[in-house]
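The block underneath contains the structure these notes are about, expressed in structure tokens.
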Amino acid sequence: LYRQQPTEYYYEQLFKSHIALMDLDAAVMKLLAAGPRVKVRGDELTLVAGGRTLQLTDRRALAPDRPLEGTLWVVGSVVTADTTMGEFGGAVASVLFRDGIAEVSGGCNTGSAVAAVGESTIRFGLLGLTKRACRQSTMELEFMVAVVLQGTVTYRIVSDELTLLNGENGLVLTAAADA
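Below, the structure is given as structure tokens:
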């Protein structure tokens, strides 16, 4: 290991992780090729063959999807056509869906919009925000939040992560611990 040069240490760790994943892939393929016994019990799937056992648990049992409504969703990253950004100079933006309304904190300004929630889409009405001036990084975050939260947006929830996509722009949000 090269502790004086963190980038080399990182690449060595990354390489070891990649090798470990390749070893895991090979072991799983070997188990599957051996024609394993399959047992399903509740949320668990167990495969047994050649003295090897692989036990899998449904992700939803370990980390269930959070509800869209009533959960405070905090913006973790902003997605555009060619980049993903996740640092906003300490600014925090969030969305709370409640009773057909999206309550929005853009990082500096606050407001709301009507939000008609469908199975995989949300149709936002006009987003009204207060008009305070803030730091540039905060205003950039707020601008992207406003760009995404207009018109019809597709959404997907996996565990405690909400992804909102509006064309090539999007937000990746995480459920706040206490909402």
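Following our numbering, the numbering of the sequence shown begins with 4 at its first residue and continues without gaps.
Note that CB positions come from ideal geometry on N, CA and C, so glycine has one too.
Remember, predicted model here, so these are calculated numbers, not experimental data.
Original post:
Going by the CB atoms, is the gap between Thr87 and Ser80 shorter than 8 Å?
Top reply: Start at 1 with the first residue of the sequence shown, and residue 80 comes out as number 77. Start at 1 with the first residue of the sequence shown, and residue 87 comes out as number 84. In this structure, Thr87 lies closer than 8 Å to Ser80 by Cβ.
**OP:** Could you spell out the range, first to last residue, of the beta strand (DSSP E) harbouring Val148?
**Re:** Within the sequence shown, residue 148 is the residue found at index 145, counting from 1. Taken as a continuous stretch (DSSP letters only), Val148 belongs to no beta strand (DSSP E), being part of the alpha helix (DSSP H) at 139 to 151.
Original post:
How is Leu129 classed by DSSP in three states: helix, strand or coil?
Top reply: To locate residue 129, count along the sequence shown from 1; it is residue 126. Correct three-state label for Leu129: coil.
Original post:
Does the distance from the CB of Leu144 to the CB of Ala94 come in under 8 Å?
Top reply: Stepping through the sequence shown from its first residue, residue 144 is reached at position 141. Stepping through the sequence shown from its first residue, residue 94 is reached at position 91. Against a cut-off of 8 Å, the Cβ pair of Ala94 and Leu144 comes out as a contact.
Subject >> Nonlocal neighbours in the same chain, by C-beta distance under 7 Å from Pro39, ignoring five residues either side >> reply: Sequence index remark: in the sequence shown, residue 39 carries index 36 (1-based). Excluding sequence neighbours, Pro39 sits near Leu50, Val51, Ala52.
Original post:
Name the DSSP bridge partner or partners of Leu57?
Top reply: Counting from one through the sequence shown, the residue named residue 57 turns up at place 54. Looking at the DSSP assignment, Leu57 forms a beta bridge with Leu50.
**OP:** Take the Cβ of Met25 as the centre, count every other Cβ of all protein chains shown within 10 Å, and call the residue buried at 16 or more, exposed below.
**Re:** The residue given as residue 25 occupies position 22 in the sequence shown. Exposed.
**OP:** Could you check what DSSP says for Leu99 in three-state terms: helix, strand or coil?
**Re:** Here residue 99 refers to the residue found at position 96 of the sequence shown. It is a strand residue.
Original post:
Ala180 by DSSP, collapsed to three states: which one?
Top reply: Taking the sequence shown and counting its residues from 1, one reaches residue 180 at position 177. Residue state, collapsed to three classes: coil.
**OP:** Evaluate the contact criterion for the region 155 to 164 versus the region 116 to 132: three or more CB pairs, one atom per stretch, below 8 Å.
**Re:** yes
Subject >> Assigned exposure category for Leu59 - 16 Cβ within 10 Å defines buried >> reply: As a first step, residue 59 is located in the sequence shown; it is residue number 56 there, counting from the start. Classification of Leu59: exposed, given that the 10 Å Cβ count is below 16.
**OP:** Put Ala136 into one of helix, strand or coil per three-state DSSP.
**Re:** Looking up residue 136 in the sequence shown gives position 133. Looking at Ala136 - three-state DSSP - the assignment turns out to be coil, as it is neither helix nor strand.
Subject >> Alpha-carbon to alpha-carbon, Leu132 and Asn169 >> reply: For this step, residue 169 is matched to residue 166 along the sequence shown. For this step, residue 132 is matched to residue 129 along the sequence shown. Approximately 19 Å, taken between the alpha carbons.
Subject >> Close beta carbons around Gln7, own chain, < 6 Å, minus the five adjacent residues each side >> reply: Numbered from its first residue, the sequence shown carries residue 7 at position 4. With a pLDDT of 40 at Gln7, under the threshold of 50, the modelled position of that residue is not reliable, and no figure is offered here.
**OP:** Over the uninterrupted beta strand (DSSP E) stretch that includes Arg159, give me the two end residues.
**Re:** Numbered from 1 along the sequence shown, position 156 holds the residue referred to as residue 159. From DSSP, the beta strand (DSSP E) with Arg159 extends over 154 to 161.
Original post:
For Val117 versus Gly128, is the C-beta spacing smaller than 8 Å?
Top reply: On the sequence shown, position 114 is the one that residue 117 refers to. On the sequence shown, position 125 is the one that residue 128 refers to. Closer than 8 Å, so yes.
**OP:** Could you tell me if Val82 is buried or exposed, where buried requires 16 or more neighbouring beta carbons within 10 angstroms of its beta carbon?
**Re:** Here the question's residue 82 lines up with position 79 in the sequence shown. Looking at its Cβ environment, which holds 16 or more other Cβ atoms inside 10 Å, Val82 is buried.
**OP:** Can you tell me which of the three DSSP states Thr86 falls into?
**Re:** Working through the sequence shown from its first residue, we reach residue 86 at position 83. Look at Thr86 here: in three-state DSSP terms it is coil, with no helix or strand label.
**OP:** With DSSP collapsed to three states, give me the class of Gly35.
**Re:** Taking the first residue of the sequence shown as position 1, residue 35 is located at position 32. As written in the sequence, residue 35 is Leu, which differs from the Gly given in the question. Three-state DSSP puts Leu35 in a helix.
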